[in-house]
Each structure stands twice: as C-alpha cells, then as structure tokens.
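Under the working numbering, the first residue of the sequence shown carries the number 11, and numbering increases by one thereafter.
Think of the CB as a built atom: it goes at the ideal place given N, C-alpha and C, for glycine as much as any other residue.
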Amino acid sequence: MKKDFDFDDIGKRTPYRVPEGFFEEMQCNVRKHTYGNHQRKRRVWTIISTSIAVAAMLTGFFFFPSRHWQDAGDISGMNILETENCTAVTSTEKWIREISDEELEELVSFSESDIFLN
C-alpha cells in the first residue's frame with residue numbers, strides 16, 4: 011500500500027468555511043477584550059496628572075510672586091562680601107604662621123596617616 015501524500019491532489023481548497031467578515035470581527039473582539047479599559051484608564055490618569063501639575067504650578071506662581079517679580083537693582087536683603095583683598099592662600103598662610111610647631115607637626119602626622127589624602 012502506497013502512503014505518499016500529494017498536496018497537488020487536494021488543491022488549494024480548504025475544508026472549513028467561515029462566514030464573511032469573521033476574521034475582522036474576531037480581531038475587533040480581541041482588541042476590545044484586551045485593550046478595552048486600559049486606554050480609558052490611561053487617558054483618565056493623564057488628564058488627572060496634568061491638571062494636578064497645572065494647579066501646582068499656578069498655586070506656586072500666585073502664592074510666591076515676590077520671588078519672580080523682585081527688582082534686579084534691589085540688593086537690600088542680600089549680604090555682599092568684599093573679596094578684593096582676601097584670598098584663600100593668604101588666610102591659610104596666616105593660619106599656619108600662627109600655630110605652634112608642635113601643632114604643625116601633629117597636623118603633618120595626621121595628614122600622613124589619613125587614608126583619604128594618601
């Protein structure tokens with residue numbers, strides 16, 4: 011008995027029949043069941059979070075206007091340091107000259123044993 015199967019004998023006909031528009035309708039049903047509420051929930055969250063952000067910005071803008079509209083020429087509340095005659099090098103040198111030799115030797119020994127500096 012010969013059991014060779016040849017597709018050419020059958021042809022391109024399928025033995026199953028489906029109604030018109032079956033696959034399109036099935037695709038719509040699958041999308042409805044899988045994506046149905048997720049898009050709506052995401053849209054609601056987007057709207058809510060955007061409105062909260064806008065409300066927070068407006069609240070900050072209206073309740074703290076002095077920070078935004080302050081005159082540029084008004085420096086009465088600011089402390090300005092004069093740094094023309096002061097440098098870090100001169101203050102460090104002055105500090106080193108003022109400490110005793112014993113304190114200076116102790117600082118050197120601490121800096122040699124410091125794991126972060128070496």
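- Counted as a single uninterrupted DSSP element, the alpha helix (DSSP H) harbouring Phe120 occupies residues 111–123.
- Spanning the alpha carbons of Glu113 and Glu103 requires a straight line of approximately 15 Å.
- Between the C-alpha atoms of Asp16 and Trp55 there is a straight-line separation of about 58 Å.
- The three-state reading of DSSP puts Glu30 in coil, since its state is none of H, G, I, E or B.
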